[in-house]
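Student: Counting from 20, one number per residue, gives the positions in the sequence shown under my numbering.
Here it is: the structure, laid out below.
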Amino acid sequence: MGINNVNTSTIERRFDMQSSQVAWITSSYDMASGVLGIILGYLGGFFHKGKIMTFGAGCLALGSFIMFSPHLFVGNYKYGTSPEDSHCDLYGNQTNTGCGTGSSVSNYIFVFVLGQMFHAIGGTAVFNTGLTILDDNVPNSDTALYVGIMHCFSALGPAVAFLAGGALLNLYVDIGRHSVSVSPGDPGWIGAWWIGFLISGIASVLVTFLMACFPREFPEAKRLKALKSAEAYATAGKDEMERDDFGRKWKDIWLSIKVIFCNPSWIFLTIAATVESGAVNSFATFLPKVLQFQFSLTTSASALFAGVLVVPGAAGGQLLGGIIPKCFNMRLRGLLITMTVCSFLGFFLGAAFLIKCPMPKIAGVNVEYFNAPTHVSYYSIREAAQLPFFCFTTLRSLELDEEAIVHECNARCHCTTSDYEPLCGHDGVEYFSPCHAECSNITEIDGSKIYSDCACIPELSSDFGQAREGICEDDCTVKFIGFLILTLCLMLTTFAVNTIGHAATIRCVHEKQRGFAYGIQTFIVRMLGNVPFPILMGVLFDNSCLVWQEKCDETTSCWIYDTDTMSVKLTLMLAVVKVISFVAFLLSYLAFKAPEEAQPTIKDILDGESIGAEEVTANHNNAAFDQSAELGQNGRVTPVDESDIKRHPPAFDSTNFDNDVIATKF
Numbered sequence: 020m021g022i023n024n025v026n027t028s029t030i031e032r033r034f035d036m037q038s039s040q041v042a043w044i045t046s047s048y049d050m051a052s053g054v055l056g057i058i059l060g061y062l063g064g065f066f067h068k069g070k071i072m073t074f075g076a077g078c079l080a081l082g083s084f085i086m087f088s089p090h091l092f093v094g095n096y097k098y099g100t101s102p103e104d105s106h107c108d109l110y111g112n113q114t115n116t117g118c119g120t121g122s123s124v125s126n127y128i129f130v131f132v133l134g135q136m137f138h139a140i141g142g143t144a145v146f147n148t149g150l151t152i153l154d155d156n157v158p159n160s161d162t163a164l165y166v167g168i169m170h171c172f173s174a175l176g177p178a179v180a181f182l183a184g185g186a187l188l189n190l191y192v193d194i195g196r197h198s199v200s201v202s203p204g205d206p207g208w209i210g211a212w213w214i215g216f217l218i219s220g221i222a223s224v225l226v227t228f229l230m231a232c233f234p235r236e237f238p239e240a241k242r243l244k245a246l247k248s249a250e251a252y253a254t255a256g257k258d259e260m261e262r263d264d265f266g267r268k269w270k271d272i273w274l275s276i277k278v279i280f281c282n283p284s285w286i287f288l289t290i291a292a293t294v295e296s297g298a299v300n301s302f303a304t305f306l307p308k309v310l311q312f313q314f315s316l317t318t319s320a321s322a323l324f325a326g327v328l329v330v331p332g333a334a335g336g337q338l339l340g341g342i343i344p345k346c347f348n349m350r351l352r353g354l355l356i357t358m359t360v361c362s363f364l365g366f367f368l369g370a371a372f373l374i375k376c377p378m379p380k381i382a383g384v385n386v387e388y389f390n391a392p393t394h395v396s397y398y399s400i401r402e403a404a405q406l407p408f409f410c411f412t413t414l415r416s417l418e419l420d421e422e423a424i425v426h427e428c429n430a431r432c433h434c435t436t437s438d439y440e441p442l443c444g445h446d447g448v449e450y451f452s453p454c455h456a457e458c459s460n461i462t463e464i465d466g467s468k469i470y471s472d473c474a475c476i477p478e479l480s481s482d483f484g485q486a487r488e489g490i491c492e493d494d495c496t497v498k499f500i501g502f503l504i505l506t507l508c509l510m511l512t513t514f515a516v517n518t519i520g521h522a523a524t525i526r527c528v529h530e531k532q533r534g535f536a537y538g539i540q541t542f543i544v545r546m547l548g549n550v551p552f553p554i555l556m557g558v559l560f561d562n563s564c565l566v567w568q569e570k571c572d573e574t575t576s577c578w579i580y581d582t583d584t585m586s587v588k589l590t591l592m593l594a595v596v597k598v599i600s601f602v603a604f605l606l607s608y609l610a611f612k613a614p615e616e617a618q619p620t621i622k623d624i625l626d627g628e629s630i631g632a633e634e635v636t637a638n639h640n641n642a643a644f645d646q647s648a649e650l651g652q653n654g655r656v657t658p659v660d661e662s663d664i665k666r667h668p669p670a671f672d673s674t675n676f677d678n679d680v681i682a683t684k685f
């Protein structure tokens with residue numbers, strides 16, 4: 020997922036997509052994964068887990084190669100006009116070229132969606148099955164820690180992809196091409212987005228062979244199962260699930276579903292996980308884009324800084340979510356309280372997205388040209404001006420029509436928005452292109468282009484309408500550092516909740532339902548959270564667009580966003596998410612009804628392997644054993660006070676138990 024997210028803006032620009040369209044690539048992963056998660060969650064409890072993970076790794080490799088394939092067929096990237104044609108003089112106008120020469124490259128969205136679906140099949144098989152293998156092979160007291168470590172590495176993967184992908188975006192998309200008219204700092208620059216998918220595919224092939232070596236069950240699984248205590252919500256159907264053959268019949272599915280959906284703690288955890296995961300997925304997809312436009316960074320720089328945030332934020336948060344329960348020896352109630360507190364803190368930390376650099380003054384976009392009014396015509400994208408601003412169905416924003424940045428000073432040039440080549444005028448105002456500034460001359464000084472005799476730029480002292488290439492930079496380093504710090508804290512709390520939430524979900528259901536309950540939760544989270552949230556955020560970005568790229572009379576990607584409106588919408592969206600998750604976690608805590616602490620029977624213990632005294636002590640907090648215990652007539656281990664043991668040593672019924680066996684086991 021990290022490779023896909025780091026390339027979101029680049030793929031959007033390269034294949035002429037809008038943000039709402041490219042969001043479907045991300046959402047397609049969760050569509051396929053949600054459906055498959057239920058199937059694998061149910062079957063994973065009874066079938067060979069190693070084979071399932073091998074199949075998943077193979078699908079990951081195939082998906083990566085499919086995502087790479089459009090680069091082989093789309094041809095060389097062409098951008099911009101020649102220096103002679105990019106400015107307007109008495110000999111010609113700016114026009115679109117290359118129209119009608121082939122089919123639209125935006126159709127490659129279907130190839131990317133197919134690749135993401137294979138990624139979903141593989142990722143779900145590997146991750147969900149791997150989580151159940153992990154839970155089977157560690158004690159309850161260590162589950163959260165190991166889940167945190169697992170999630171930490173799953174977060175490090177995208178983090179490395181952000182860092183490596185950001186570096187690869189400094190390479191031109193068509194490697195080996197010598198005549199390149201743009202540089203990495205230009206808005207139209209397209210980096211080598213495809214290399215990451217190629218590397219991912221090769222790595223997945225190698226992992227497939229390693230997964231094939233996994234056994235059906237690891238040696239420690241049976242022994243640990245005897246030691247674990249049940250923390251599942253007390254509900255009907257438990258006795259039925261204790262059958263040895265439970266899960267082998269199709270009718271057992273309906274009982275499992277009924278028991279799961281009668282568990283209020285699981286329901287509220289799922290609601291919270293849905294909104295939290297949806298927000299994480301959408302912000303992960305568009306975080307590089309937020310950095311790029313709110314702080315005027317290049318695509319490669321925004322990807323690198325996103326990686327800098329993800330490494331300590333996501334990976335550290337996942338690890339923190341495992342360490343906290345381990346250090347405080349938390350049971351399920353403690354996990355629920357911790358998640359409630361973290362969501363409360365996240366509500367305030369979400370204000371980080373209000374921090375941004377001031378939006379530059381752009382002639383004809385948010386400021387007028389210097390000597391006459393512009394032909395600006397605003398209208399609602401949804402043609403629903405009668406609806407209130409906060410109406411979610413429209414997300415009303417103001418969009419410039421095609422003549423918005425046309426002025427009488429450049430009207431003769433017939434300028435288009437097909438190429439964004441910003442100039443910074445000596446008046447401190449940014450101009451969309453040399454054509455829109457109506458510059459007649461161009462010179463190059465120390466590798467930098469200087470435009471002069473620009474009719475749309477006012478004359479200042481001895482500078483006769485001059486401008487330099489590039490945007491008008493505004494130093495807002497302090498704001499950027501503040502944004503990074505607050506966002507880092509937000510990510511730490513959010514990803515800590517993610518890890519603790521997985522552990523809580525596993526603990527609050529019966530052991531035979533853990534994979535199935537997790538699969539159902541995954542389906543709900545993906546379908547109601549991960550699928551719509553990125554699309555919603557894509558629409559949010561599109562509705563904040565001020566200037567669209569026009570190619571061959573078609574609207575493609577956005578060049579300039581209203582960052583003031585965009586930052587407010589992002590903050591409001593995150594605030595709503597945190598309020599919902601806070602309430603859901605709180606209700607999950609209040610609704611939880613603990614079962615009677617289950618103790619392992621002597622038969623359970625004898626079925627396992629030899630258990631040392633240290634292991635008995637270690638499992639005291641899991642309600643399995645106490646330091647000292649006596650055997651009751653019912654054959655169960657009953658905790659007693661240590662002083663009672665000294666006064667009344669335990670006695671065994673030799674008719675029922677072999678003393679040698681008992682001595683060996685204890």
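C-beta atoms are modelled at their ideal positions from N, C-alpha and C, and glycine is treated no differently.
Since the structure is predicted, the reported quantities are computational estimates derived from the model, not experimental observations.
Got a sec? Which residues, its chain only, sit under 6 Å from S301 by beta carbon, not counting five neighbours each side?
Tutor: Taken in chain order, the residues that qualify are F552, P553 and M556.
Student: On the DSSP letters alone, give me the boundaries of the beta strand (DSSP E) that N460 sits inside.
Tutor: C458 to I464
Student: Can V130 and R33 be called in contact, C-beta distance under 9 Å?
Tutor: In this structure, V130 lies away from R33, with their beta-carbon atoms at least 9 Å apart.
Student: When the Cα atoms are used, what is the spatial distance from I400 to N562?
Tutor: Since pLDDT at I400 reaches only 36, below the 50 mark, its modelled position is unreliable, and the value read off the structure follows with that caveat. About 7 Å.
Student: Residues in the same chain with beta-carbon distance under 6 Å from I374, minus the five sequence neighbours each way, listed in chain order, please.
Tutor: K498, G501 and F502
Student: Give me the Cα-Cα distance between K277 and F287, rounded to the nearest whole angstrom.
Tutor: The alpha-carbon of K277 is positioned some 16 Å away from that of F287.
Student: What whole-angstrom Cβ distance do Y127 and V192 have, given they're in contact under 8 Å?
Tutor: Their Cβ separation, rounded to whole angstroms, is 14 Å, which puts Y127 and V192 out of contact at 8 Å.
Student: Can you give me the Cβ contacts of A404 inside the same chain, cut-off strictly under 6 Å, excluding the 5 residues immediately before and after it?
Tutor: Annotation note: pLDDT 40 at A404 (below 50); position unreliable, no value reported.
Student: By the DSSP assignment, the beta strand (DSSP E) with Y470 in it spans what residues?
Tutor: S467 to C473
Student: Quick one: what's got a C-beta closer than 7 Å to F676's C-beta in the same chain, skipping five residues either side?
Tutor: Unreliable positioning characterises F676 in this predicted model, as indicated by a pLDDT of 36, which lies under 50. The coordinate reading is nonetheless provided below. Excluding sequence neighbours, F676 sits near nothing in its chain.
Student: Three or more beta-carbon pairs under 8 Å between the region 34–49 and the region 316–328, yes or no?
Tutor: Taking a cut-off of 8 Å on C-beta distances, the region 34–49 does not touch the region 316–328, as fewer than three cross pairs fall below it.
Student: Specify the secondary structure class of R574 as computed by DSSP and reduced to three states.
Tutor: Per the sequence presented here, residue 574 reads as Thr, with Arg not at that position. Note: T574 maps to strand in three-state DSSP.
Student: So the candidates are V516, C508 and A382; which of them puts its Cα closest to the Cα of E457?
Tutor: A382
Student: Quick one: what's got a C-beta closer than 7 Å to T29's C-beta in the same chain, skipping five residues either side?
Tutor: L188, I209, G210, W212 and T318
Student: Round the Cβ separation of C434 and C454 to the nearest angstrom and send it over; I've been treating them as touching at under 8 Å.
Tutor: 4 Å
Student: Quick one: what's got a C-beta closer than 7 Å to L182's C-beta in the same chain, skipping five residues either side?
Tutor: Around L182: L323 and G326.
Student: Give the range of the alpha helix (DSSP H) segment to which A82 is assigned.
Tutor: A quick correction: the sequence has Gly, not Ala, at residue 82. Unbroken alpha helix (DSSP H) run through G82: K68 to F87.
Student: Residue range of the beta strand (DSSP E) that A486 falls in?
Tutor: A486 to E488
Student: Assuming C443 is part of the alpha helix (DSSP H), what are its boundary residues?
Tutor: Run containing C443: none in the alpha helix (DSSP H); it sits in the beta strand (DSSP E), L442 to G444.
Student: If we ignore side chains and look at the alpha-carbon of each, how far apart do V516 and E31 end up?
Tutor: Rounded to whole angstroms, V516 to E31 spans 31 Å at the Cα level.
Student: Could you give the distance in angstroms between the alpha-carbon of S576 and the alpha-carbon of S125?
Tutor: 10 Å
Student: Buried or exposed for G466, please, with buried defined as at least 16 other CB atoms from any protein chain shown within 10 angstroms of its CB.
Tutor: exposed
Student: Please go through the same chain and pick out, in chain order, the residues whose beta-carbon is closer than 7 Å to the beta-carbon of Q540, but skip the five residues on each side of it.
Tutor: T289, A292 and T524
Student: For the region 214–231 against the region 62–81, do three or more pairs of beta-carbon atoms, one drawn from each stretch, fall closer than 8 Å, so that the two count as touching?
Tutor: yes
Student: Buried or exposed: C491, going by 16 or more other Cβ atoms within 10 Å of its Cβ?
Tutor: buried
Student: Thinking C-beta only, is P203 closer than 9 Å to A303?
Tutor: The Cβ atoms of A303 and P203 do not sit closer than 9 Å to each other.
Student: Here's a check: name, in chain order, each residue in its chain whose Cβ is nearer than 8 Å to the Cβ of I279, leaving out the five neighbours to either side.
Tutor: W285, V528, Q532, F535, A536 and I539
Student: Going by the beta-carbon positions, is the gap between A180 and V25 smaller than 9 Å?
Tutor: yes
Student: Going by beta-carbon coordinates alone, are K597 and G365 separated by less than 9 Å?
Tutor: yes
Student: Looking at the secondary structure, which residues open and close the alpha helix (DSSP H) in which H521 lies?
Tutor: Its alpha helix (DSSP H) spans residues T496 to R526.
Student: In angstroms, rounded to a whole number, what distance separates the CA positions of V566 and Y580?
Tutor: 7 Å
Student: Please report how far the alpha carbon of F66 lies from the alpha carbon of I272, in whole angstroms.
Tutor: 16 Å
Student: Can you give the beta carbon distance from T357 to I599, rounded, assuming they're within the 8 Å contact cut?
Tutor: Contact flag wrong, Cβ pair sits at about 18 Å.
Student: What's the C-alpha gap between G548 and M169?
Tutor: 22 Å
Student: Could you check whether I469 and Q485 sit closer than 9 Å to each other, using their CB atoms as the reference points?
Tutor: Yes, they are a contact pair.
Student: In the DSSP assignment, find the alpha helix (DSSP H) that holds T590 and state where it starts and stops.
Tutor: Segment T582 to A610, the alpha helix (DSSP H) holding T590.
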